[in-house]
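Q:
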Amino acid sequence: MSLLQEVNEKALARNIPLSVQLDLTYRCNERCVHCYLDHDDHGEMTTSEIKHLLDELADAGVFVLSLSGGEIFLRKDFFEILEYARLQKQFCVKLKTNAIMIREREAARLQEIGVESIQISIYSHRPVVHDAITLVPGSLQRSIDAARFLKSQGLRVIFANVLMVQNVQDYQGMRALANELGIECTLDPTITPMMDGNRSVLNMGIGHETLRQVFRDQALVGDVDEFCAVPAPGDENSLSALPCSAGHTSCYVSPYGDVFPCVQFPIPTGNVRRQKFLDIWRNSETMNEVRSIRLKDLNTCTSCTHVGSCTRCPGLAYMEGNMRGPSSQDCEKSFARTGIPSANMIAKKWSTANLVQIRALPGVPIIPAAGALA
Amino acid sequence: MSRLYLVRNPRAAARSLDGEMMIMSARDSTLFTLNETATILWQSADGATPLDEIVEKKICTEFEVEPAEALADAEALARELAGHEILQISEVPITLLQQPVGEKR
């Protein structure tokens, strides 16, 4: 067991929130076509509210603090907050940004303050593709310039790419660019439904056949046979496992102080403007309900072949209507990886098949004649 | 004999996990957990208290150990922690913690 795993186990046993993502703002200077956020400011926490929250998070044992948004550099007090988090509260800080406001001066300041990593959203190595996603002309060039400034300061930079129909053809070129710059690169085919429940952005997903091909790219997954192997059936151990770290050793705080199990799990558990963070973390009924769920408690998934190896996101399942239900996007991933449909997909196919098989009785129209219902 | 002063590296990340110190190195983001002696050094590293005084007042009172042996071990440990950029060490008192970010050191 690695030291990090040991620390996680200890945090889990002691109910300590080891890592927290704090979104400082939902405002943004890009308008990414797949973004799930509403970019208006509905009353962000003030500088002093955020510092008070950081005090509470440090007291609660939070070690890793991810500052994200929206675009974090749009907050005029960003460096004041960062300095407080690092130098007064000694968090291990990770930043998520589009980086278009980072120039040499900002990069130097980040180096002085010390951050663990800076994750930059990059969708393609080609401006015509990237800028069409961010809807900001010149944004790719600015983000790449920023990455160079940060690298020249010796900082760890990660490119984060969301695979969509618009950019999937470019992921190899993007990885080559990252490689040339000495930058790590992550790919994620998951698109998150919008905060208001609108799921239309999911239409940008790359689809089964393309996902199947991506999962067979040796450069991405390593040993393709191993990665795409048929999973072993779930046993007692795997069924007792936790679905993920959300609500167990990690959680998310919005710019308005709302606490959720995860940024991708929008079930409200409390607000730090009205309650102490630790009170929410320890005593929120919703947080404790999320915390109580084991794989064996899931509805359809318990009987699924993929239960032991699935990347099922409980937040995406919640957004589909049931936090104990399947997450269809993860079903699609398991299917694309192994060629074996999930229990959820089979159930849906059956229900669809049943609908298709309905036949009208001879002489009885399925659709009532006009005026029949009047 | 010269004295050794220690100060926590402000660029290291640190948190006590139920009494056990977790430290992430400022140099390469390696994660460390500190044993009891190293935790005492970390918590006492204010840049003003010399190592021999930390050993005498906080280590020898806690563990049954010869002062000279404890000091030698503590110095080796302090140098190791400095090698990972967890502590900064000096033969003169250190006041860097008060220096605001942005000023040349």
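Residue numbers (my numbering), protein chains in the order written: chain Z, 1 to 374; chain G, 375 to 479.
Note that beta-carbon positions come from the ideal geometry of N, C-alpha and C, so glycine has one too.
Please read these numbers as outputs of a predicted model, since none were measured by experiment.
Rounded to a whole number of angstroms, what is the C-alpha to C-alpha distance between G182(Z) and I122(Z)?
A: As a position in the first sequence, residue 182(Z) is number 182, starting the count at 1. As a position in the first sequence, residue 122(Z) is number 122, starting the count at 1. One C-alpha to the other measures close to 15 Å.
Q: What number of angstroms, rounded off, separates the C-alpha of R274(Z) from the C-alpha of K51(Z)?
A: As a first step, residue 274(Z) must be located in the first sequence, where it is residue number 274. As a first step, residue 51(Z) must be located in the first sequence, where it is residue number 51. Cα to Cα, R274(Z) sits roughly 15 Å from K51(Z).
Q: For a contact defined as C-beta to C-beta under 8 Å, what are the partners of I16(Z) on chain G?
A: Position 16 of the first sequence, counted from the start, is the residue given in the question as residue 16(Z). Here the neighbours are L391, D392.
Q: Are three or more beta carbon pairs between the stretch 413-431 of chain G and the stretch 440-457 of chain G nearer than 8 Å?
A: Yes, the stretch 413-431 of chain G is in contact with the stretch 440-457 of chain G.
Q: For F335(Z), decide whether its Cβ has a neighbour in chain G, counting only Cβ atoms nearer than 8 Å.
A: In the first sequence, counting from the first residue as 1, residue 335(Z) sits at position 335. No, because no Cβ of chain G sits closer than 8 Å to the Cβ of F335(Z).
Q: In chain order, what residues of the same chain have a beta carbon less than 8 Å from the beta carbon of V168(Z), not counting five sequence neighbours either side?
A: Taking the first sequence and counting its residues from 1, the one referred to as residue 168(Z) is at position 168. These residues qualify, in order along the chain: I206, T210, V214.
Q: Along chain G, which residues have their Cβ under 9 Å away from the Cβ of E116(Z)?
A: By one-based count along the first sequence, residue 116(Z) stands at place 116. Chain G residues near E116(Z): A387, M398, S403.
Q: If you run the structure through DSSP and keep just helix, strand and coil, what is D188(Z)?
A: Here residue 188(Z) corresponds to residue number 188 of the first sequence, with the count starting at 1. D188(Z) falls in the strand class under three-state DSSP.
Q: So is L4(Z) in contact with chain G if we call contact Cβ pairs under 8 Å?
A: As a first step, residue 4(Z) is located in the first sequence; it is residue number 4 there, counting from the start. Chain G contact via Cβ: present.
Q: Suppose the cutoff is 7 Å on Cβ atoms and the five residues either side in sequence are ignored; what does the same chain contact list for T190(Z) look like?
A: To locate residue 190(Z), count along the first sequence from 1; it is residue 190. Excluding sequence neighbours, T190(Z) sits near Q329.
Q: Can you list the residues of chain G that F91(Z) reaches, using a CB-CB cut of under 7 Å?
A: Start at 1 with the first residue of the first sequence, and residue 91(Z) comes out as number 91. Within chain G, the residues near F91(Z) are A387.
Q: Please state the DSSP three-state secondary structure of F227(Z).
A: Reading the first sequence from its first residue, position 227 is the one you call residue 227(Z). In the structure shown, F227(Z) sits in a helix (DSSP, three-state: H, G or I).
Q: Where do the ends of the beta strand (DSSP E) carrying A388(G) lie?
A: Locating residue 388(G) in the second sequence gives position 14, counting from the first residue. A388(G) -> beta strand (DSSP E) spans 387-391.
Q: Nearest CA to the CA of I460(G): which residue from I428(G), M395(G), S376(G)?
A: For the purposes of this step, residue 460(G) is taken as the residue at position 86 of the second sequence. Among I428(G), M395(G), S376(G), the Cα nearest to that of I460(G) belongs to M395(G).
Q: Any idea if H42(Z) is buried or exposed, counting beta-carbon neighbours within 10 angstroms, 16 or more meaning buried?
A: Here residue 42(Z) refers to the residue found at position 42 when the first sequence is read from its first residue. The residue is exposed, with fewer than 16 neighbouring Cβ atoms inside 10 Å.
Q: Does T413(G) come within less than 8 Å of chain C when only Cβ atoms are used?
A: Absence of chain C from the displayed structure is noted, the protein chains being Z and G.
Q: Going along the chain, which residues of the stretch 83-112 of chain Z sit with their C-beta nearer than 8 Å to a C-beta in chain G?
A: Taking 8 Å as the Cβ-Cβ cut-off against chain G, the residues of the stretch 83-112 of chain Z that qualify are E83, R86, L87, Q90, F91, C92, V93, R109, E112.
Q: Excluding the 5 residues preceding and the 5 following P127(Z) in the sequence, name in chain order all residues of the same chain whose CB lies nearer than 6 Å to its CB.
A: Your numbering for residue 127(Z) matches position 127 in the first sequence. Result list for P127(Z): L140, in chain order.
Q: What residues match up with V93(Z) in a beta bridge as DSSP calls it?
A: The sequence position of residue 93(Z) within the first sequence is 93, counting from 1. Partner(s): L65(Z).
Q: In whole angstroms, what is the alpha-carbon distance linking H458(G) and A400(G)?
A: Taking the first residue of the second sequence as position 1, residue 458(G) is located at position 84. Taking the first residue of the second sequence as position 1, residue 400(G) is located at position 26. Cα-Cα distance, rounded: 8 Å.
Q: Need the endpoints of the beta strand (DSSP E) that A419(G) sits in, please.
A: Here residue 419(G) refers to the residue found at position 45 of the second sequence. Here A419(G) belongs to no beta strand (DSSP E), and DSSP marks it neither H nor E.
Q: Cβ closer than 9 Å: which chain G residues qualify as neighbours of G61(Z)?
A: Here residue 61(Z) refers to the residue found at position 61 of the first sequence. Result: R389, S390, L391, D392.
Q: On the three-state DSSP scale, how would you describe Q172(Z)?
A: Here the question's residue 172(Z) lines up with position 172 in the first sequence. Of the three classes helix, strand and coil, the one that applies to Q172(Z) here is helix, per DSSP.
Q: Check whether the Cβ of A147(Z) lies closer than 8 Å to any Cβ atom in chain G.
A: In the first sequence, counting from the first residue as 1, residue 147(Z) sits at position 147. By this cut-off, A147(Z) is not an interface position.
Q: Since A11(Z) meets chain G, which of its residues come closer than 8 Å, beta carbon to beta carbon?
A: Taking the first residue of the first sequence as 1, we reach residue 11(Z) at position 11. By Cβ distance, chain G contributes L391.
Q: Going by CA-CA distance only, name the one from Y252(Z), R148(Z), V64(Z) that's closest to E104(Z).
A: For this step, residue 104(Z) is matched to residue 104 along the first sequence. When only C-alpha atoms are compared, the closest one is R148(Z).
Q: Which residues in chain G sit within 8 Å of V7(Z), going by Cβ to Cβ distance?
A: The sequence position of residue 7(Z) within the first sequence is 7, counting from 1. By Cβ distance, chain G contributes L391, M396, L405, T407.
Q: State the DSSP-derived secondary structure class of V20(Z), mapped to helix, strand or coil.
A: Stepping through the first sequence from its first residue, residue 20(Z) is reached at position 20. Of the three classes helix, strand and coil, the one that applies to V20(Z) here is strand, per DSSP.
Q: In its own chain, which residues sit with a C-beta less than 6 Å from the C-beta of T269(Z), not counting the 5 before and 5 after it?
A: Residue mapping note: residue 269(Z) aligns to position 269 of the first sequence, counting from 1. Closer than 6 Å at the Cβ level, and outside the excluded window around T269(Z), lie V259, I280, S284, T286, M287.
Q: Give the straight-line distance between the Cα atoms of N29(Z) and E71(Z), rounded to the nearest whole angstrom.
A: Taking the first sequence and counting its residues from 1, the one referred to as residue 29(Z) is at position 29. Taking the first sequence and counting its residues from 1, the one referred to as residue 71(Z) is at position 71. Approximately 7 Å, taken between the alpha carbons.
Q: Below 8 Å on the Cβ atoms is my guess for A99(Z) versus V93(Z); work out the distance and round it to an integer in Å.
A: For the purposes of this step, residue 99(Z) is taken as the residue at position 99 of the first sequence. For the purposes of this step, residue 93(Z) is taken as the residue at position 93 of the first sequence. So it is not a contact: roughly 16 Å between Cβ atoms.
Q: Compare the Cα-Cα distances from E454(G) to each of C434(G), L408(G), D392(G) and report the closest residue.
A: Taking the first residue of the second sequence as 1, we reach residue 454(G) at position 80. The option with the nearest alpha carbon to E454(G) is L408(G).
Q: I need the DSSP call for S303(Z), collapsed to helix, strand or coil.
A: As a working mapping, residue 303(Z) is identified with position 303 in the first sequence. Three-state result, S303(Z): helix.
Q: Can you name, in chain order, every residue of its own chain whose Cβ lies under 6 Å from the Cβ of G247(Z), other than the five neighbours on each side?
A: As a first step, residue 247(Z) is located in the first sequence; it is residue number 247 there, counting from the start. Same-chain partners within the cutoff: P261, M287, V290, R291.
Q: Applying the 10 Å Cβ sphere with the 16-neighbour rule, what's the burial state of E409(Z)?
A: Because chain Z is modelled from 1 through 374, residue 409(Z) falls outside the range shown and cannot be assessed.
Q: Using DSSP with H/G/I as helix, E/B as strand and the rest coil, what is G270(Z)?
A: Within the first sequence, numbered from 1, the residue matching residue 270(Z) stands at position 270. Three-state DSSP puts G270(Z) in a strand.
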